[in-house]
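A.B. asks:
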Amino acid sequence: MPRQKQSKPPAAGLATKTLILDNGAHTIKAGYSLLNATSPPSLDNCHVIPNTIARSQRDKRTYVGSELDECQDFGELAFKRPVEKGFLVNWESEKAIWEHEFFNAGNTGLQCEAPEETNLILTEALSAPIALQRHCDEMVFEEFGFGNYWRAVAPSLSAYGASPFKGDAERPMGTPMECAIVVDVGYSHTTTTPLFQGKPLHSACRRLEIGGKTLTNQLKDLVSMRQFELRKEDWMANQIKEDVCFVSQNFEQDLERVWKGGSKDPRVVDHSIVVDYVLPDYESIKRGFARPHDPSFNARKRQLGIGGPREDLVVLANERFTVPELVFTPSDIGMQSEGLVGTILQSLEALPKGLWQAFLANVVVVGGTSRLPGFVERLEADLRTKLPEEYAVRVGLPEDPVKHAWTGGARLAQNEEAMKQLVVSKQEYMENGDVWVRRKFAGKLGR
């Protein structure tokens, strides 16, 4: 049911409750934080919601956001995503998702009963066009009626999160890291964002047009060309990627290990890398799974018909590591672009050389793709080889790299003084207009 717009003015000052929305292209990370709370926010308070409206070609049902948890058959789902290429461009769809999750009976228990008495922290993409920022501000204040609001890039929130490095002193709630480079390997793309006291240094921010979606599409193409048609199976392909892909520490050597030569080639395939992935049929097998490769067992099963219904499976060898390799070597698919390490170096080169050490000591990696085994180790090793020995390099992975920006926002929302410096009230928006709000969020105004 559509919600009515709020007509009464918001309560003066900060509200006690803050809704933090890390509004990503693939998922929304959402949850509440309380002002002046005495304990750190828990990851359990952050809900990960698919940021999509999906239509099933099989049961003809439409799933909005967290309703995907109820889906029993992910075959040939058609997805409509409000965020394209990292930018929120479809507010009609986003509004439907927000209303379902936060203002109606969503599946996450995150109902916002009084938005005029709620603060909102909302993430946006780096270098978002002014028109999209203006529309976003209008929706927050005029459509949903939040009392106070801060719009920020997700890496800024990550700077407020707990340090991923062992031995670092605990910072007070609402205090950002002094210097850091946040590497966000997101769904649409990958960004490198140098931050000073939580503020992005925009002239040094860089974007690599490869993200989780690129890797999923590459895996779909490889498997479809070689074994099984997956081009319409976005959900399934993404699960395969998350289940079996890894980042190679020695790409050429791993290629040799799975090389299949001719009959006279003496090299033997290393089957420790090869896996069989059993595909779901959404009847007897609800979710796909991997198991060690056993060609003799598979052949016997097909021949004898043992083990119940026949399984559909794909054999994955070099696909497991050639797909994630694209983040480091985009030229593998013909992209004329630096890989991740080169992108980080481009960010560094835009900074004074005297500050390099401070930033290299705090390289924080976030985003779903960063959870692939070997990702952080490969990034740190490659980065070290490209820099002079006198630089100490630390690359850290937070406890949950997907929720890290949210936890940073939740920690910030507990600090009353920090929030007062950042948020804009609905009254200020109505009195001063969108240009003033944009300048405020850009740090070009005092309080």
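First residue of the sequence shown? That's 1 in full-length UniProt numbering, and the numbers climb one at a time after it. Ideal Cβ positions, reconstructed from N, Cα and C, are used throughout, including at glycine.
Alpha carbons only, please: which of S66, V89, E99, G86 is nearest the one belonging to residue 486?
C.D. replies: Because the chain is modelled from 1 through 447, residue 486 falls outside the range shown and cannot be assessed.
A.B. asks: DSSP has I49 in a bridge; who is on the other side?
C.D. replies: Note: I49 sits in a beta bridge opposite I28.
A.B. asks: Is DSSP giving L304 helix, strand or coil here?
C.D. replies: Residue placement at L304 is flagged as unreliable, the pLDDT there being 46, under the threshold of 50; a coordinate-derived value is accordingly withheld.
A.B. asks: Kindly indicate the opening and closing residues of the alpha helix (DSSP H) around A180.
C.D. replies: First-last for A180: 179-185, but that is the beta strand (DSSP E), not the alpha helix (DSSP H).
A.B. asks: Could you tell me which residues DSSP pairs with G13 in its beta bridges?
C.D. replies: None, per the DSSP bridge assignment.
A.B. asks: I need the DSSP call for L94, collapsed to helix, strand or coil.
C.D. replies: Going by the sequence as given, residue 94 is Glu instead of Leu. Three-state result, E94: helix.
A.B. asks: Is S425 helix, strand or coil by DSSP?
C.D. replies: The answer is strand: DSSP assigns S425 an E or B state.
A.B. asks: Is N238 helix, strand or coil when you go by DSSP?
C.D. replies: In this structure, N238 counts as helix in the three-state DSSP scheme.
A.B. asks: Does the distance from the C-beta atom of V223 to that of E311 stay below 8 Å?
C.D. replies: No, they are not a contact pair.
A.B. asks: R231 and K220 look like a contact to me (Cβ under 8 Å); what is the Cβ gap, rounded to whole Å?
C.D. replies: Rounded, the Cβ-Cβ distance is 5 Å, consistent with contact.
A.B. asks: Check F441 in the structure and name its three-state DSSP category.
C.D. replies: Here F441 sits in helix by DSSP.
A.B. asks: By a C-beta neighbour count over all protein chains shown, 10 Å radius and 16 as the cutoff for buried, is I130 buried or exposed?
C.D. replies: I130 comes out exposed.
A.B. asks: Output the distance between the C-alpha atoms of residue 471 and T175, rounded to the nearest integer angstrom.
C.D. replies: With the chain running from 1 to 447 in the structure shown, residue 471 is simply not present.
A.B. asks: Just checking, does the segment 127-143 make contact with the segment 160-178 on the three C-beta pairs under 8 Å criterion?
C.D. replies: No: fewer than three Cβ pairs fall under 8 Å.
A.B. asks: Using a Cβ-Cβ cut-off of 6 Å (strictly less than) and excluding sequence neighbours within five positions of A410, which residues of its own chain qualify?
C.D. replies: Answer for A410: I20, S33, P41, listed in chain order.
A.B. asks: Where do the N-terminal and C-terminal ends of the beta strand (DSSP E) with E124 fall, by residue?
C.D. replies: Where E124 is concerned, the enclosing beta strand (DSSP E) stretches over 118-124.
A.B. asks: Please classify R257 as buried or exposed, where buried requires at least 16 neighbouring CB atoms within 10 angstroms.
C.D. replies: Label assigned to R257: buried.
A.B. asks: Keeping to the same chain, check which residues put their C-beta closer than 6 Å to that of Y63; ignore five residues upstream and five downstream.
C.D. replies: For Y63, where only same-chain residues beyond five positions count, the Cβ hits under 6 Å are A54, C71.
A.B. asks: Is the separation between the beta-carbon of F328 and that of R394 shorter than 8 Å?
C.D. replies: No; because the gap between Cβ atoms is not below 8 Å, this pair is not in contact.
A.B. asks: Taking A381 as the reference, give the member of D434, E431, R371, V247 with the closest Cα.
C.D. replies: Considering only alpha carbons, the answer is V247.
A.B. asks: Straight-line CA distance for E228 to V314?
C.D. replies: Position check: residue 228 holds Phe in this sequence, whereas Glu was assumed. So the two alpha carbons sit approximately 7 Å from each other.
A.B. asks: Considering only C-alpha positions, which residue in the set E138, E99, S188 is nearest to Y429?
C.D. replies: Y429 has its Cα closest to that of E138, out of E138, E99, S188.
A.B. asks: I need the boundaries of the alpha helix (DSSP H) containing D221, first residue and last residue.
C.D. replies: Element bounds for D221: 212-226.
A.B. asks: Out of N250, P324, I240, N45, state which residue places its alpha-carbon closest to the alpha-carbon of T407.
C.D. replies: Of the listed residues, the one whose Cα sits closest to T407 is N45.
A.B. asks: Quick check on this structure: which residue in C179, M173, G212 has the alpha carbon closest to the alpha carbon of Y187?
C.D. replies: Considering only alpha carbons, the answer is G212.
A.B. asks: Output the distance between the C-alpha atoms of V278 and S296, rounded to the nearest integer angstrom.
C.D. replies: Roughly 16 Å between the two C-alpha positions.
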